[in-house]
Amino acid sequence: MSTLNKSKFITFEGIDGCGKSTQVKMLVEKLKQLGVDVITIREPGGTRISESIRDILLYRDTHELSERTESLLMTASRAQLTKEVILPTLKKGTWVIADRYADSTLAYQGGGREIKVDWLEKLNQFATYETVPDLTFFIDILPDEGVRRQKTKQDRIEQAGIDFQKRTRELYLKLAEKYSNRIIVINGQEDIDTIHKNIWKEFEQRMLEK
Ligand code: ADP
Ligand code: TYD
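The sequence shown begins at 6 in my numbering and counts up one residue at a time.
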């Protein structure tokens, strides 16, 4: 398993409640058991500055936040996290597993908020220092299932409603088609262990056998 020595950047994506955090934890545990040096991050957030930006973005009462400001803040949080954490971590040989990254902006702000995706792609290029994940798992669930799994206290974006989640999912599906060599679609409607097994199968094929 010599390929484990080269650090990789892996991201998890999907609509609210798709099960990303659960699956990130399971994958990271497995990697640690194999002796891989790995850190987990989640967006928006992950640095002192990015966490302050997260507070503005998710606070339930900031209804006046415009969709363009939202896009700029999401990508500002990403720029700080990329420069301060992701790039130095990968450079020293440690793997990075991310609960959301640039595709979230394309799906949520492009799909959900209906901002032109070309603009968001440019913003992402700038914010990520043109860093592209080695592999992305898009955990696909139906928006109704996401609502069923939702916590009682919703944040500002979760309050946007089911049609917003539907548009977001559609954009994710388009991205999965466009970037099919990077984005793997995983059926998120199955049970937690089956999903983990499916993710591991794809992961082994692509990350361990090259
Ligand atoms: P996300 O990080 O994508 O918002 P979580 O992993 O936090 O999702 O999962 C949201 C909720 O759904 C949690 O209560 C979790 O236990 C539950 N959950 C996760 N995966 C599944 C699954 N495959 N089937 C049913 N419930 C799930
Ligand atoms: P969070 O509580 O981290 O939710 P989740 O567990 O679903 O990841 O909240 C993050 C919210 O921010 C989530 O609704 C998705 C949204 N978001 C965007 O709209 N654009 C982005 O670029 C990112 C990173 C997140």
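All C-beta atoms in this analysis are idealised placements derived from N, C-alpha and C, irrespective of residue type, glycine included.
Here the structure is a predicted model, which is why all the values come from computation and not from measurement.
Reduced DSSP secondary structure (H/G/I, E/B, other) of residue i
i       : result
Glu-48  : coil
Asp-123 : helix
Leu-186 : The amino acid at residue 186 is misidentified as Leu; the sequence shows Asn. The answer is coil: DSSP assigns Asn-186 none of H, G, I, E or B.
Ile-162 : coil
Val-41  : coil
Straight-line Cα distance separating residue j from residue i
i       : j       : result
Ser-82  : Ala-132 : 8 Å
Ala-165 : Ile-61  : 16 Å
Asp-198 : Cys-23  : 14 Å
Tyr-113 : Ile-46  : 19 Å
Arg-53  : Asp-66  : 22 Å
Trp-205 : Leu-36  : 10 Å
Leu-95  : Thr-16  : 14 Å
Asp-104 : Gln-28  : 9 Å
Glu-126 : Ser-109 : 11 Å
N-terminal and C-terminal residue of the beta strand (DSSP E) that residue i is part of
i       : result
Ile-15  : 14 to 18
Thr-223 : Given that the chain is displayed from residue 6 to residue 215, the structure contains no residue 223 and the question cannot be resolved.
Counted within 10 angstroms of its Cβ, other Cβ atoms place residue i as buried (16 or more) or exposed
i       : result
His-68  : exposed
Gly-148 : Inspection of the sequence shows that residue 148 is occupied by Pro rather than by Gly. By the 10 Å Cβ count, Pro-148 comes out buried.
Pro-93  : exposed
Trp-100 : buried
Glu-209 : exposed
Lys-202 : exposed
Lys-183 : exposed
Tyr-177 : buried
Host alpha helix (DSSP H) of residue i (start-end)
i       : result
Ile-102 : Here Ile-102 belongs to no alpha helix (DSSP H); instead the beta strand (DSSP E) covers 100 to 104.
Ile-91  : Element bounds for Ile-91: n/a, residue is neither H nor E.
Val-152 : 148 to 154
His-201 : 197 to 208
> Residues near the ligand ADP, CB to any non-hydrogen atom under 5 Å, in chain order?
Replying inline: After applying the 5 Å Cβ criterion, the set is Gly-22, Cys-23, Gly-24, Lys-25, Ser-26, Thr-27, Arg-154 and Ile-197.
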